[in-house]
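Enquirer: Chains as they are written, first to last, in this note's numbering: chain A, 91 to 403; chain B, 586 to 984.
What follows is a structure written as structure tokens; I'll ask about it next.
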Amino acid sequence: MKHQAKDIINEGAWKFTTTVPVVGLDIGSRGSKAILLHGDDVFTVLLPTGLYMQETADELLNKLLQTSGLERSDIAAVVGTGYGRISLKYDDIPYRVVTEISCHAMGAHAVIPKTRTIIDIGGQDSKAIKVDRATGKVVEFVMNDKCAAGTGRFLEKAAAILGIDLRDLGEIALKSEKPAQVSSQCAVFAESEVISLRARGARENLQEISADIAAGVHTSTARRVHNLLGRVGIEPDIVFTGGVSNNVGMWKVLEEEIGAKFTPAKLDLIFAGALGAAIHAWKFFASTHEVKRTKKHVAKHETREEARLPNGE
Amino acid sequence: MANEARDTTWQAAKLNLREFAKLVDDEQQSLIDAKGTKKVGYICNYTPVELLNAAGVRHSRLVKTGSPKTVSAGELYTQSVFCDFTKSCIGFFQEDDPFYKSFDKVYNFHSCSTMKRASEVIEQFVPVKLLNLPKLRSSQDARNFFREEIINFKDDLGELTGTRVQDEEVRRQITIYNRARALLKQISELRKGPYPVISGAEFLDLVRGYYYLPGEKLVQALEQVQRHLEGIPVPPGRPLRLMISGSIMADGDRRLLNILENELGARVVIEDHCAGVRPFYHRVAEAGDPYRALANGYLDQAPCARMKPLEDGVTFSGKLAREYSVDGVVYVYLKFCACYGVSKKEFISEFQKQDLPILEISSDYSESDYGQLKTRIEAFVEVLNERGGTISHEQYVNA
Chain A
91 MKHQAKDIIN EGAWKFTTTV PVVGLDIGSR GSKAILLHGD DVFTVLLPTG LYMQETADEL
151 LNKLLQTSGL ERSDIAAVVG TGYGRISLKY DDIPYRVVTE ISCHAMGAHA VIPKTRTIID
211 IGGQDSKAIK VDRATGKVVE FVMNDKCAAG TGRFLEKAAA ILGIDLRDLG EIALKSEKPA
271 QVSSQCAVFA ESEVISLRAR GARENLQEIS ADIAAGVHTS TARRVHNLLG RVGIEPDIVF
331 TGGVSNNVGM WKVLEEEIGA KFTPAKLDLI FAGALGAAIH AWKFFASTHE VKRTKKHVAK
391 HETREEARLP NGE
Chain B
586 MANEARDTTW QAAKLNLREF AKLVDDEQQS LIDAKGTKKV GYICNYTPVE LLNAAGVRHS
646 RLVKTGSPKT VSAGELYTQS VFCDFTKSCI GFFQEDDPFY KSFDKVYNFH SCSTMKRASE
706 VIEQFVPVKL LNLPKLRSSQ DARNFFREEI INFKDDLGEL TGTRVQDEEV RRQITIYNRA
766 RALLKQISEL RKGPYPVISG AEFLDLVRGY YYLPGEKLVQ ALEQVQRHLE GIPVPPGRPL
826 RLMISGSIMA DGDRRLLNIL ENELGARVVI EDHCAGVRPF YHRVAEAGDP YRALANGYLD
886 QAPCARMKPL EDGVTFSGKL AREYSVDGVV YVYLKFCACY GVSKKEFISE FQKQDLPILE
946 ISSDYSESDY GQLKTRIEAF VEVLNERGGT ISHEQYVNA
């Protein structure tokens, strides 16, 4: 899809007009997102992540080239982020890796310049990030433990057990009047809790039970995420990013849980990481071109090289 | 030419470090193979190694990291909420590990409650003696009591070998171990300059020597390492300097170091944990009653978080961070650790006072969370590099 930078920014001027096309790839555990920045044009592509990350990345890049009408050789820099960032390799385009934490911070900052706190819930992890308002850099972050509770994966599991399409889970949860108690801290145990809750329900009120369970699952996820947030602090503007930010039920339950409102964005913030990556790619391009120009930077570069030398074994 | 000379001394020093690591590995095999001498394992850093040497036993600290398989073998005896280090210790016995199996006796100075329970489980595989370790490190009563306990330890060793431990030999060993501790501290301090000539992983290899080698052999080998390292002209530049603070990074638990140093090019320059520099910051008095000297010396070492007052440990940690001018701290503790998992707030606020960024990691010995661990550490390094104003060039590929 093609956007204009001025249309995706909440307020103020867009700071990231590029002179060359740059690409950000965010290869997540479930979905892969890509953004191409060219001048003030912003192109987006979203695909499910395949088994082979490089193939998914190539497909994303090809789609971006198709929609933008550019050639592969036009791309000045690519930054990869997300779960699959390490498995990507490019021989013909300068490529760099930046973690999704820095990318989400930069991406959210770009579209909502007042961003201070980010909640990112993705397919297999969730993060709370505190952002520097002036620069979009990360000040502090907390990531969930290696555990699926409090992530999109948990919601996905619950949807599967309830026989509901994941995309409808949030809507259905909103219909509940008395959310079920899903108390378990562990996604695996929570799964059996959900199964037994469901088994207790009578056939005729299955829909109602499903809504109650869906709501309970959302509340339990929100509680975990709230815990993470507690560690970095909750200061406005609070921005919700990642795939789960498209879930209306989660959005509402989380707002209630933390007692504050999220700032809505004009860009689907499943793309926050990819946008941040593209901006990092632009910065990367700009900095490497400075390195060649200014003497000071060259000197610094040499010192680093030398510092590395004896360790070359 | 200067570069070539530097490379030669550098390579000689690195070769020497590898020889040291091999010496430590060989020592373990030789302990397994040894016949006719008693072999003793100990668990806690508060065990006076001087007495083990004075008793003439082969000895080693039980400080190995278990594989996920070993950990689950240990879990046969524990709840799931025991740390993986505890489970490893039990697991190695359960799995008939040749090294652990070779011990005639295991001593445990009652360190944390979890390890105490573990030593009771281990009793079904090997005789274990549990000794008291007072918690109130500054109380005179505690010190008197600890002296008595150390004498009990000495007498028990005498019974095990059939020969009374001689006071003169204890004094001699105190001198040897003071030298070993001083050497390790001095080598560690070579990392205080902008470019640390030895990596965190390499330093921990030397610390392994303290737990596996007999005193005299250890001192000899460390003196050689020190000579080599001091001969290296320090290269220019300053990598990202980090401190690791927390519970224990056992022998073999190198995942974090691997990501930090090998993959991201940062350097761990100081480690405040129980397999780091803590034991090397104390000296045992060489004159007077050797048992009183040991009691005082060991209680004066940089304290474990199980000791009181907790502030002593926190202050020590903060002091190290300043002395080694670190850019950030990775605070790591084993999951379910009742000492470090609970006292983390005190440690973290001490670093915050110094305006040091902290990454908190609760870790275990599984291998499945590599990706998440890496994301967290990488993001932390990104934050630190951005604070420093530069993004390290090592991160650029094809640039």
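Backbone N, C-alpha and C fix where the C-beta goes; we use that ideal spot for every residue, glycine too.
The structure displayed is predicted, hence computed values, not measured ones.
Which residues in the same chain have their Cβ closer than 8 Å to the Cβ of Thr-207 of chain A, if we skip the five residues on either side of it in sequence?
Expert: Ala-218, Ile-219, Lys-220, Val-221, Leu-319, Val-322, Gly-323, Ile-324, Glu-325, Pro-326, Asp-327, Ile-328 and Val-329
Enquirer: Just to confirm before moving on: does the CB-CB distance between Thr-650 of chain B and Thr-671 of chain B stay below 7 Å?
Expert: no
Enquirer: For Arg-223 of chain A, I'd like the list of residues in its chain whose CB is within less than 8 Å of its CB, leaving aside the five on either flank, ordered along the chain.
Expert: His-199, Pro-203, Lys-204, Thr-205 and Arg-206
Enquirer: Give the interface partners of Phe-231 of chain A over in chain B, defined as CB-CB distance under 7 Å, in chain order.
Expert: The contacting residues are Ala-964.
Enquirer: Indicate the three-state DSSP secondary structure (helix, strand or coil) for Arg-749 of chain B in the structure shown.
Expert: coil
Enquirer: Does Ser-934 of chain B come out as helix, strand or coil in the three-state DSSP assignment?
Expert: helix
Enquirer: Report the CB separation of Ile-254 of chain A from Ser-300 of chain A in whole angstroms; it is logged as a contact under 8 Å.
Expert: Contact flag correct, Cβ pair sits at about 6 Å.
Enquirer: Consider the Cβ of Glu-971 of chain B: report whether some Cβ of chain A lies at a distance smaller than 7 Å.
Expert: yes
Enquirer: Under 8 Å: do the region 589 to 603 of chain B and the region 815 to 825 of chain B share three or more Cβ pairs, one atom per stretch?
Expert: yes
Enquirer: Please tell me whether Val-968 of chain B has its Cβ less than 7 Å away from any Cβ of chain A.
Expert: By this cut-off, Val-968 of chain B is an interface position.
Enquirer: With a cut-off of 7 Å, does the C-beta of Ile-360 of chain A fall near any C-beta of chain B?
Expert: Chain B contact via Cβ: absent.
Enquirer: Could you tell me whether the region 786 to 800 of chain B touches the region 642 to 656 of chain B, using the rule of 3 or more Cβ pairs below 8 Å?
Expert: yes
Enquirer: Using 8 Å as the Cβ pair cut-off and three pairs as the minimum, do the region 729 to 738 of chain B and the region 874 to 885 of chain B touch?
Expert: yes
Enquirer: Could you confirm whether any beta carbon from chain A is found closer than 7 Å to the beta carbon of Thr-650 of chain B?
Expert: no
Enquirer: From Glu-346 of chain A to Ile-209 of chain A, what distance separates their C-alpha atoms?
Expert: For the pair Glu-346 of chain A and Ile-209 of chain A, the Cα-to-Cα distance works out to about 14 Å.
Enquirer: For Leu-600 of chain B, name the three-state secondary structure that DSSP assigns.
Expert: helix
Enquirer: Just verifying my parser: in three-state terms, what is the DSSP assignment at Lys-220 of chain A?
Expert: strand
Enquirer: Quick check: the region 751 to 760 of chain B against the region 627 to 636 of chain B, are at least 3 beta-carbon pairs closer than 8 Å?
Expert: yes
Enquirer: Which chain E residues are close to Gly-956 of chain B, counting only those with a beta carbon under 7 Å from its beta carbon?
Expert: Annotation note: the requested chain E is absent from the structure, which comprises protein chains A and B.
Enquirer: Quick check on DSSP: helix, strand or coil for Ser-122 of chain A?
Expert: strand
Enquirer: Measuring CA to CA, which of B:Pro-864, B:Arg-972 and B:Gly-743 is closest to Ala-639 of chain B?
Expert: Relative to Ala-639 of chain B, the option among B:Pro-864, B:Arg-972 and B:Gly-743 whose CA is nearest is B:Gly-743.
Enquirer: DSSP three-state call for Asp-726 of chain B: helix, strand or coil?
Expert: helix
Enquirer: Strictly by DSSP, which residues pair up with Ala-167 of chain A?
Expert: A:Val-112
Enquirer: Between the region 678 to 693 of chain B and the region 705 to 713 of chain B, can you find at least three pairs of beta-carbon atoms closer than 8 Å?
Expert: yes
Enquirer: Using only alpha-carbon positions, find the residue among A:Lys-105, A:Cys-193, A:Val-334 and A:Glu-261 that is nearest to Leu-365 of chain A.
Expert: A:Cys-193
Enquirer: Would you mind telling me which residues of chain A sit closer than 7 Å to Arg-961 of chain B, beta carbon to beta carbon, in chain order?
Expert: Within 7 Å Cβ-Cβ: Met-233.
Enquirer: Who are the near neighbours of Ser-652 of chain B in its chain, counting only those whose CB is closer than 8 Å to its CB and skipping five residues on each side?
Expert: Tyr-950
Enquirer: Check each candidate in A:Asn-317, A:Val-315, A:Lys-123 and A:Met-233 and name the one with the smallest Cα separation from Thr-171 of chain A.
Expert: Taking the Cα of Thr-171 of chain A as reference, the smallest distance to any Cα among A:Asn-317, A:Val-315, A:Lys-123 and A:Met-233 is reached at A:Lys-123.
Enquirer: Whose CA, out of B:Cys-697, B:Lys-938 and B:Tyr-916, lies closest to the CA of Arg-961 of chain B?
Expert: B:Tyr-916
Enquirer: Mind checking Arg-749 of chain B: buried by the 16 CB within 10 Å criterion, or exposed?
Expert: Under this definition Arg-749 of chain B is an exposed residue.
Enquirer: So, Ile-183 of chain A versus Ile-165 of chain A, is the Cβ gap smaller than 7 Å?
Expert: yes
Enquirer: My output table needs one value for Ile-761 of chain B: the three-state DSSP class, helix, strand or coil.
Expert: helix
Enquirer: Distance cutoff 7 Å, beta carbons only. Does Ala-397 of chain A sit that close to anything in chain B?
Expert: At Ala-397 of chain A the pLDDT is 37, less than 50, meaning the model places this residue with poor confidence and gives no usable figure here.
Enquirer: Counting contacts by CB-CB distance shorter than 7 Å, is Thr-107 of chain A in contact with chain B?
Expert: no
Enquirer: If we ignore side chains and look at the alpha-carbon of each, how far apart do Val-188 of chain A and Val-862 of chain B end up?
Expert: 33 Å
Enquirer: Measuring only the C-alpha atoms, how far is Ala-103 of chain A from His-128 of chain A?
Expert: 16 Å
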